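To start, the structure itself, in structure tokens.
In our numbering, the protein residues as written are 12 to 196.
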């Protein structure tokens, strides 16, 4: 809103696509060796998300105030002397043979033929990234202040939100995307 001088507000969260740690040359987090090459997204948000997941799994330590904008300088301990290899996220699944591990959103794996259960670790619905990066349905604030047509449109969006959170859609998404997309309550 600040950046674009808009007045949008969220009606509710819909879904989240979690990030997973996928095996490459290393098939288990317990087998991780010193100096392992870990593929991570090169975009700022994906990179931060990868750092948070690596920290959650005990592979690195982050400063206490680490948040969704975490950067390498926030790493306080790197006991495995991990070397992060940044690349476009959509290229990470195809690069698994060259890396020890790679972190990317589960949808990229699914779309490139990896089964969702292939991951070694997965972000949860309660992760900091899930809280900050979940997809939301938003409307203009003016819709509640202006004419009946815009209020009806907002009511239509509320109905859409209800449908998107329905048990039927949750079952479909669960089957179709095999856990790669999480519908949020």
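Heads up, the beta-carbon is just placed ideally off N, CA and C, and yes, glycines get one too. If you're wondering where the values come from, they're calculated on a predicted model, not measured in any experiment.
Contact between the region 84 to 100 and the region 42 to 51 is present: three or more C-beta pairs spanning the two stretches fall below 8 Å. Positions of the alpha helix (DSSP H) runs, each at least 4 residues long and wholly inside the region 97 to 144, are given as 117 to 122, 139 to 144 in order along the chain. Of all alpha-carbon atoms in 125, 38, 44, 152, the one lying nearest the alpha-carbon of residue 105 is that of 125. Annotation: the region 16 to 90 contains the following complete segments of the beta strand (DSSP E) (minimum length 3 residues), in chain order: 19 to 27, 30 to 34, 48 to 52, 86 to 88. When secondary structure is reduced to three states using DSSP, residue 175 falls in the helix class. Nearest in C-alpha terms to residue 150, of all of 171, 54, 64, is 171. Taking C-alpha positions only, residue 39 is separated from residue 131 by approximately 7 Å.
Per DSSP, residue 13 lies in no beta strand (DSSP E) segment and is marked neither H nor E. Counting along the chain, residue 148 sits inside the beta strand (DSSP E) bounded by residues 146 to 151. If you draw a straight line from the Cα of residue 41 to the Cα of residue 108, it is about 18 Å long. Exclusion of the five residues before and after residue 60 leaves 30, 140 as the residues of its chain whose Cβ lies within less than 6 Å of its Cβ. Within 10 angstroms of the beta-carbon of residue 57 lie 16 or more other beta-carbons, which makes it buried.
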